[in-house]
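Numbering (the UniProt record's numbering), first residue to last: 1 to 316. Where a beta carbon is used, it is the ideal one built from N, C-alpha and C, also for glycine. Quick notes on the structure that follows.
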Amino acid sequence: MRMEKQLKMEISNMTSIMEFVLLGFSDIPNSQWILFGIFLVIYLTILMCNSIIILITSIDPVLQTPMYFFLNNFSLLEICYVTATVPRMLMDLLTQKGIISLVACAAQMCFVITFGSSECLLLTVMAYDRYVAICNPLHYPLVMNHKICVQLAIASWVSGVPVVIGQTCQIFSLPFCGSNRINHFFCDIPPVLKLACGDIYLNEIELYVAAVVFIMVPCLLIIVSYGKIIANILKISSASGRAKAFSTCSSHLIVVVLFYGTATITYLQPKPNQSEGTGKVISLFYTVLIPTLNPIIYTLRNKDIMVALRKLLSQL
Numbered sequence: 001m002r003m004e005k006q007l008k009m010e011i012s013n014m015t016s017i018m019e020f021v022l023l024g025f026s027d028i029p030n031s032q033w034i035l036f037g038i039f040l041v042i043y044l045t046i047l048m049c050n051s052i053i054i055l056i057t058s059i060d061p062v063l064q065t066p067m068y069f070f071l072n073n074f075s076l077l078e079i080c081y082v083t084a085t086v087p088r089m090l091m092d093l094l095t096q097k098g099i100i101s102l103v104a105c106a107a108q109m110c111f112v113i114t115f116g117s118s119e120c121l122l123l124t125v126m127a128y129d130r131y132v133a134i135c136n137p138l139h140y141p142l143v144m145n146h147k148i149c150v151q152l153a154i155a156s157w158v159s160g161v162p163v164v165i166g167q168t169c170q171i172f173s174l175p176f177c178g179s180n181r182i183n184h185f186f187c188d189i190p191p192v193l194k195l196a197c198g199d200i201y202l203n204e205i206e207l208y209v210a211a212v213v214f215i216m217v218p219c220l221l222i223i224v225s226y227g228k229i230i231a232n233i234l235k236i237s238s239a240s241g242r243a244k245a246f247s248t249c250s251s252h253l254i255v256v257v258l259f260y261g262t263a264t265i266t267y268l269q270p271k272p273n274q275s276e277g278t279g280k281v282i283s284l285f286y287t288v289l290i291p292t293l294n295p296i297i298y299t300l301r302n303k304d305i306m307v308a309l310r311k312l313l314s315q316l
């Protein structure tokens, strides 16, 4: 009788969880309003800076080149990417509740991973664009024509969608029992999987495979591209020519190192070595802090963008 009652309770626990609680930064309760103010300013800064880049690269005739077309797409992706996490985080800091339904959690996970994988692919496309521009300048207008650029951009945006939707559906078809408290500020795959009951080995394998496909493979392609770019730049006899070539690539390379470095630690680190607190901090870097730095890196290190910005400000 007791065993039957216990079994019923276990089944009830497995099926009754219809919402999660995002703990966020509840471990520092006295700083909720300070964090709300900081993240609100950061979010508005990301929106404003990326919107300015989109505007400038869309209207300035000088910036109608493949490099700035991809930068335009990248800025739009950044806005989508941070919007998938930060508004929810701000609401949780404001209400101090953090309650999120299974459907909302699944939707957030799907959007975050989709936009993140799209960024990985778009950064690879941007590296390829710089490779063609520097290593094959005579063929550049032919290879990177407008049609090819549009196709590459669309491929970057949509290639990961079927994989991410399938993976999200599989994760949320798992039974969740026991605790419903996610020690994170958004529904990321690793902390959600920790709450699942049953065998999650297949889901972990799928996570590693997806991480290899969307993080490691693009990263290796970028390394190869930049290896050839650097080798080609070193052959330039003029010091000013070398400096100009490096300046067009350095911004992109900095962004790649920051984004891929933190994403690799999060999704490819062995499970026993993962700390929830450390994972939260690293996630904060690639979801909030790096998107804040990206527009600054691209604008301050790019003369064309700065000239276009001054022109726009003078017109206003």
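Neighbourhood of residue 246 by C-beta distance below 7 Å, restricted to the same chain and skipping five residues each side: Here the set comprises 233.
Under 8 Å between C-beta atoms of residue 123 and residue 255: Cβ atoms of residue 123 and residue 255: closer than 8 Å.
Through-space distance from residue 19 to residue 144, alpha-carbon basis: The straight-line gap separating the alpha-carbon atoms of residue 144 and residue 19 is approximately 47 Å.
Cβ-Cβ distance between residue 130 and residue 219 below 8 Å: Taking 8 Å as the cut-off, the Cβ atoms of residue 130 and residue 219 do not count as close.
Distance, residue 149 Cα to residue 61 Cα: So the two alpha carbons sit approximately 17 Å from each other.
Proximity test, residue 31 beta-carbon vs the ligand HEM heavy atom, cut-off 7 Å: No copy of the ligand HEM occurs in the structure displayed, which carries no ligand at all.
Host beta strand (DSSP E) of residue 289 (start-end): Counting along the chain, residue 289 falls outside any beta strand (DSSP E), and DSSP gives it neither H nor E.
Selected residue, minimal CA-CA separation from residue 70, among 157, 83, 263: The residue among 157, 83, 263 with its C-alpha nearest the C-alpha of residue 70 is 157.
Closest Cα partner of residue 295 within the set 146, 282, 38, 309: Taking only the C-alpha atoms, the option nearest residue 295 is 309.
Spatially closest choice to residue 174 from 183, 204, 151, by CA coordinates: Closest by alpha carbon: 204.
Per-residue DSSP class, three states only, for residue 314: In this structure, DSSP gives residue 314 a helical state, which the three-state scheme calls helix.
Beta carbon of residue 212 nearer than 8 Å to that of residue 82: One thing to note: residue 212 has its Cβ no nearer than 8 Å to the Cβ of residue 82.
Best match in 222, 100, 85, 262 for proximity to residue 121 [C-alpha to C-alpha]: Of the residues 222, 100, 85, 262, the one whose Cα lies closest to the Cα of residue 121 is 222.
Classification of residue 252 by the beta-carbon crowding that lies within 10 angstroms, buried from 16 upward: By the 10 Å Cβ count, residue 252 comes out buried.
Residue 302 versus 67, 147, 114, 286, residue with shortest Cα-Cα distance: Ranking the options by Cα distance to residue 302, first place goes to 67.
Spatial distance of residue 316 from residue 87 (CA atoms): Residue 316 and residue 87 have their C-alpha atoms some 30 Å from each other.
Alpha-carbon to alpha-carbon, residue 141 and residue 284: Going by C-alpha positions, residue 284 is about 39 Å away from residue 141.
Chain-order list of residues whose beta-carbon lies under 7 Å from that of residue 114 (same chain, five-residue window excluded): The beta carbon of residue 114 is closer than 7 Å to those of 160, 161, 164 in its chain, skipping five residues each way along the sequence.
Simplified DSSP state of residue 100, which is helix, strand or coil: Residue 100 sits in a strand when the DSSP states are folded into three classes.
Outcome for residue 133 when other beta-carbon atoms lying within 10 angstroms are tallied against a minimum of 16: The residue in question, residue 133, is buried, as its Cβ has 16 or more Cβ neighbours within 10 Å.
Neighbourhood of residue 306 by C-beta distance below 7 Å, restricted to the same chain and skipping five residues each side: The beta carbon of residue 306 lies closer than 7 Å to those of 299 in the same chain, with the five residues before and after it left out.
Limits of the beta strand (DSSP E) - the one that residue 234 falls within: For residue 234, no beta strand (DSSP E) segment is defined; the enclosing uninterrupted segment is the alpha helix (DSSP H) at 217-234.
The region 48-59 in contact with the region 19-36 per 3-pair CB rule at 8 Å: Fewer than three Cβ pairs drawn from the region 48-59 and the region 19-36 lie within less than 8 Å of each other, which leaves the two stretches out of contact.
Residue interval of the beta strand (DSSP E) (run including residue 346): With the chain represented from 1 up to 316, any question about residue 346 goes unanswered, as that position is not in the structure.
N-terminal and C-terminal residue of the alpha helix (DSSP H) that residue 39 is part of: Where residue 39 is concerned, the enclosing alpha helix (DSSP H) stretches over 32-59.
Extent of the continuous alpha helix (DSSP H) to which residue 167 belongs: Counting along the chain, residue 167 sits inside the alpha helix (DSSP H) bounded by residues 161-172.
Three-state secondary structure (DSSP) of residue 239: Residue 239 falls in the helix class under three-state DSSP.
Residue 135 versus residue 152: straight-line alpha-carbon distance, rounded: So the two alpha carbons sit approximately 19 Å from each other.
Simplified DSSP state of residue 200, which is helix, strand or coil: It is coil, neither helix nor strand.
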